[in-house]
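Chemist: First the structure, which I've put down as structure tokens, then a few questions once you've had a look.
Chains as they are written, first to last, in the numbering used here: chain A, 19 to 299; chain B, 16 to 272.
Right under this line is the structure:
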């Protein structure tokens, strides 16, 4: 009935050495199985960005008739709301992958496997990318027939904006996941609300100079402020600001590295305090 | 790599404190290859804490733990690929089907020929009829067998089980015990289990480690312990130890090594 353990054991030892993309794909598969067969989940991902786009699309139509600023660049508000959703969904996509493991009381199983925390971070980040694309793509495409706004006309800068917001979303998602691991599921609402703390400071719908002078340095400490200013530079001045891209990249590199370190530190603390055994509702 | 015949579990002066509470108080023991060993003790004795440290889920405050020749603090990933674990208190994702769960964990453990391995386990553990069903829709007995399939997916050299038959009806519990006994004999794997079920321990285990409030207070075969305490069953021995009664003459601490 069974084969001697030595047979599989040797491959198990070899497999355990180093970072493994096979384990990353296994961690992703666990979520993709559910996502792929559940149309309500896919619909849920796409629903809110589409509603947001519709809302801001009609506001744009109104402002085009009553505001010279918006009239100058018709797509500014719709592009802004779509890029904001990239940030929001990237954060939520990563946080939810982690929360689902906690809700399912599956963290203990994962951490007694040869999975490394870095593989968990990689899997959650890639899942976040997939969830973000599913969320934002329908709204981005629908904006053309509905409001004559084709966000992809931003061209290559769109990829730079998308990538920076994606990484900032991962950063916030990792911080949320680390806090939920440390504080328990009582802190799970952070996944939805923490990201909104940076929304007013990111200059999503207005230039950073709109903010009070004392608050502007805080904004410039956020990669998202550089992205949204960069977006407006493309839309209003038809200029790609490399200095803004460099600022966003540099800040993202620092913050993402700090968030990964914080997440790994909280896993260490969880192993000291036995928190990996006590997860679940 | 572990030399042939070397004990797969070596615990030395293990201490675990949670703030002012000492959960494990300097225990030392070894588990011999190819045996089934039980960790016995009342609630709060330190069984689950010991298993968690052996699994790398918990860091010790002091002492060393070697599993299959690897230090579980510094080099746990090498050991984790060679061992596995099952507990009724740690779930598998309930929305995934049984087969999907086994695929995910098979890939996590790097199991070669995964389809064949799942088919063989499904046949062995009689779970083939519900491979396509969501894990959350299964009965307790079915879920226990699925958890066992996950725990055996990588043909572990060391299998750690936390209360393997908790909340199962007598018939299902008996089936699980028979399976574990057969598996250990056929595969040569080492099994370490924590249990409250004394009949289960008497039937399955070659060796029993008795814990009380984080300390190892006695050790021996079920028969030796029964004889040492002058009792008829292991349950009576357990009650003696839990209530700090002792009839024999052998020092428990010495026996524990």
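Beta carbons: idealized from backbone N, C-alpha and C, even for Gly.
(1) Using a C-beta cutoff of 8 Å, does residue 24 of chain B count as contacting chain A?
(2) What are the start and end residues of each continuous beta strand (DSSP E) run of 3 or more residues lying completely inside the region 29-84 of chain B, in chain order?
(3) Assuming residue 153 of chain A and residue 107 of chain A make a contact with CB atoms under 8 Å, what is their CB distance in whole Å?
(4) Rounded to whole angstroms, what is the Cα-Cα separation between residue 53 of chain B and residue 219 of chain A?
(5) Could you check whether the region 95-110 of chain A touches the region 58-77 of chain A, counting it as contact only if at least three pairs of C-beta atoms, one from each stretch, sit closer than 8 Å?
(6) Keeping to the same chain, check which residues put their C-beta closer than 7 Å to that of residue 162 of chain A; ignore five residues upstream and five downstream.
(7) So what's residue 234 of chain B in DSSP terms, helix, strand or just coil?
(8) Find the residues of chain A that neighbour residue 161 of chain B, judging by a C-beta separation of less than 8 Å, and give them in chain order.
(9) Counting along the chain, where does the alpha helix (DSSP H) carrying residue 78 of chain A start and finish?
(10) Can you tell which of B/198, B/50, B/26, B/257 has the C-alpha that lies nearest to the C-alpha of residue 42 of chain B?
(11) Of all the CB atoms in chain A, is at least one closer than 8 Å to the CB of residue 229 of chain B?
(12) Is it the case that the region 76-88 of chain B contacts the region 114-128 of chain B, given that we only count it when at least three CB pairs across the two stretches are under 8 Å?
(13) Around the Cβ of residue 177 of chain A, are there at least 16 other Cβ atoms within 10 angstroms (buried) or fewer (exposed)?
(14) Would you identify the three-state DSSP class for residue 149 of chain B, choosing helix, strand or coil?
(15) Can you tell which of A/272, A/132, A/164 has the C-alpha that lies nearest to the C-alpha of residue 120 of chain B?
(16) With distance defined between alpha-carbon atoms, name the residue in B/59, B/55, B/38, B/103 nearest to residue 73 of chain B.
(17) Is there a Cβ of chain B sitting closer than 8 Å to that of residue 52 of chain A, yes or no?
(18) List in chain order: all unbroken alpha helix (DSSP H) runs of 4+ residues lying wholly within the region 206-237 of chain A.
(19) Using a Cβ-Cβ cut-off of 6 Å (strictly less than) and excluding sequence neighbours within five positions of residue 81 of chain B, which residues of its own chain qualify?
(20) Does chain B have any CB closer than 8 Å to the CB of residue 19 of chain A?
(21) Below 7 Å between beta carbons is the criterion; list the residues of the region 77-110 of chain B that meet it against any residue of chain A, in chain order.
(22) Does any C-beta atom of chain B lie closer than 8 Å to the C-beta of residue 159 of chain A?
(23) Using the Cα positions of residue 60 of chain B and residue 67 of chain B, report the straight-line distance between them to the nearest angstrom.
(24) What does the Cβ neighbour count give for residue 257 of chain A, buried or exposed, with the cut at 16 atoms within 10 Å?
(25) Using a Cβ-Cβ cut-off of less than 9 Å, list which residues of the region 240-261 of chain A approach chain B; keep chain order.
(26) Return no unless some Cβ of chain A is closer than 8 Å to the Cβ of residue 122 of chain B.
(27) Identify, in the order they occur along the chain, each residue of the same chain with its Cβ nearer than 7 Å to the Cβ of residue 282 of chain A, setting aside the five sequence neighbours on each side.
(28) Using 8 Å as the threshold, is the region 183-196 of chain A in touch with the region 113-120 of chain A, meaning 3 or more CB pairs across them?
(29) Taking all protein chains shown into account, decide if residue 123 of chain A is buried (16 or more other Cβ within 10 angstroms of its Cβ) or exposed.
Modeler: Short version:
(1) Against the second chain, residue 24 of chain B aligns to sequence position 9. Chain A contact via Cβ: absent.
(2) With a minimum length of 3 residues, the continuous beta strand (DSSP E) runs that stay inside the region 29-84 of chain B are 36-46, 51-55, 77-82.
(3) Your numbering for residue 153 of chain A matches position 135 in the first chain. Your numbering for residue 107 of chain A matches position 89 in the first chain. Their Cβ separation, rounded to whole angstroms, is 4 Å, which keeps residue 153 of chain A and residue 107 of chain A in contact under 8 Å.
(4) Looking up residue 53 of chain B in the second chain gives position 38. Looking up residue 219 of chain A in the first chain gives position 201. C-alpha separation (whole angstroms): 59 Å.
(5) yes
(6) The residue given as residue 162 of chain A occupies position 144 in the first chain. Excluding five sequence positions before and after residue 162 of chain A, the CB atoms of its chain that fall closer than 7 Å to its own CB belong to 168, given in chain order.
(7) Counting from 1 along the second chain, the entry for residue 234 of chain B is found at position 219. Strand, per DSSP.
(8) Counting from 1 along the second chain, the entry for residue 161 of chain B is found at position 146. Within chain A, no residue comes near residue 161 of chain B; the closest Cβ sits about 12 Å away, beyond 8 Å.
(9) Taking the first chain and counting its residues from 1, one reaches residue 78 of chain A at position 60. Start and end: 57-84.
(10) The sequence position of residue 42 of chain B within the second chain is 27, counting from 1. Residue nearest to residue 42 of chain B within the set B/198, B/50, B/26, B/257 is B/26 (criterion: CA-CA distance).
(11) Taking the first residue of the second chain as 1, we reach residue 229 of chain B at position 214. Output row for residue 229 of chain B: interface = no.
(12) no
(13) For the purposes of this step, residue 177 of chain A is taken as residue 159 along the first chain, with counting starting at 1. Exposed, because fewer than 16 other Cβ atoms sit within 10 Å of the Cβ of residue 177 of chain A.
(14) Along the second chain, read from residue 1 onward, the residue named residue 149 of chain B stands at position 134. Residue 149 of chain B: strand per DSSP, three-state reduction.
(15) Within the second chain, numbered from 1, the residue matching residue 120 of chain B stands at position 105. For the residues A/272, A/132, A/164, the minimum Cα distance to residue 120 of chain B belongs to A/132.
(16) Start at 1 with the first residue of the second chain, and residue 73 of chain B comes out as number 58. Closest option to residue 73 of chain B, Cα to Cα, is B/38.
(17) As a working mapping, residue 52 of chain A is identified with position 34 in the first chain. So yes, residue 52 of chain A belongs to the interface.
(18) 208-211, 234-237
(19) On the second chain, position 66 is the one that residue 81 of chain B refers to. Around residue 81 of chain B: 25.
(20) Here residue 19 of chain A refers to the residue found at position 1 of the first chain. Caution applies to residue 19 of chain A, whose pLDDT of 42 falls short of 50 and renders its modelled position unreliable; the value that the coordinates give is listed next. Chain B, which has a Cβ nearer than 8 Å to the Cβ of residue 19 of chain A, makes this yes.
(21) 92, 93, 95, 96, 97, 100, 105, 106, 107, 108, 109, 110
(22) Here residue 159 of chain A corresponds to residue number 141 of the first chain, with the count starting at 1. Closer than 8 Å: no.
(23) Counted from its first residue, the second chain places residue 60 of chain B at position 45. Counted from its first residue, the second chain places residue 67 of chain B at position 52. Rounded to whole angstroms, residue 60 of chain B to residue 67 of chain B spans 13 Å at the Cα level.
(24) For the purposes of this step, residue 257 of chain A is taken as the residue at position 239 of the first chain. Classification for residue 257 of chain A: exposed.
(25) none
(26) For the purposes of this step, residue 122 of chain B is taken as residue 107 along the second chain, with counting starting at 1. Output row for residue 122 of chain B: interface = yes.
(27) For the purposes of this step, residue 282 of chain A is taken as residue 264 along the first chain, with counting starting at 1. So the qualifying residues of the chain are 135.
(28) yes
(29) Locating residue 123 of chain A in the first chain gives position 105, where the first residue counts as 1. Looking at its Cβ environment, which holds 16 or more other Cβ atoms inside 10 Å, residue 123 of chain A is buried.
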